[in-house]
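Beneath this line is the structure, given in structure tokens, with notes to follow.
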Amino acid sequence: MTTKPRWDTADEKGKRYLVQKEVRQIEEENRNIKAQRMSFPAGIAATSLRPNMVLWSQGTRHTILLELTVPWEERMDKAHEWKMTKYQQLVEDWEQRVWRTWCFAIEVGCRDFSGHTVW
-11 MTTKPRWDTA
-1 DEKGKRYLVQ
9 KEVRQIEEEN
19 RNIKAQRMSF
29 PAGIAATSLR
39 PNMVLWSQGT
49 RHTILLELTV
59 PWEERMDKAH
69 EWKMTKYQQL
79 VEDWEQRVWR
89 TWCFAIEVGC
99 RDFSGHTVW
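In my numbering, the protein residues as written are -11 to 107.
Shown next as structure tokens:
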């Protein structure tokens, strides 16, 4: 029977094992938390798309999608169009289920210049 090493008595190999084990545990916890945060309420829709932020109100049946993009400044307009097109079908699906939905694609250039959708 092998005993698990303790930090104060472990050699270099044992300490490496302990650190790797702790990192694996933290990564697993983060995966579980992220999976919980990424689920939509059952009444809205099932989708594989994952906007950066979704705000919703069950009472008023309103939904707001926020999608952040960080393109080159020369491609701001194309990035905005691409993101709006990406989520258009999702917005239409939600509105068919009587959810009032808004989609906002926000562009912030990779050199810290905000797109026209921000102002």
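We put the CB at the ideal spot given by N, CA and C, even for glycine.
DSSP three-state assignment for residue i, whether helix, strand or coil
i: I14; result: helix
i: R99; result: coil
i: L6; result: helix
i: L37; result: coil
i: W70; result: helix
i: W44; result: strand
i: D(-4); result: coil
Cα-Cα separation between residue i and residue j, rounded to whole angstroms
i: A34; j: T57; result: 23 angstroms
i: F92; j: R4; result: 46 angstroms
i: P59; j: R38; result: 18 angstroms
i: Q13; j: R19; result: 10 angstroms
i: D55; j: E0; result: The identity of residue 55 in the sequence shown is Glu, whereas the question assumes Asp. Going by the C-alpha atoms only, they are around 45 angstroms apart.
i: T73; j: L53; result: 13 angstroms
i: V79; j: E61; result: 27 angstroms
Residue i vs residue j beta-carbon contact at 9 angstroms
i: W(-5); j: T51; result: no
i: I32; j: W70; result: no
Residue i, buried or exposed, once every other Cβ within 10 Å from all chains shown has been counted against 16
i: T89; result: buried
i: M64; result: buried
i: E15; result: exposed
i: E10; result: exposed
Strand pairing of residue i, partner residues [DSSP]
i: I94; result: L56
i: R88; result: H50
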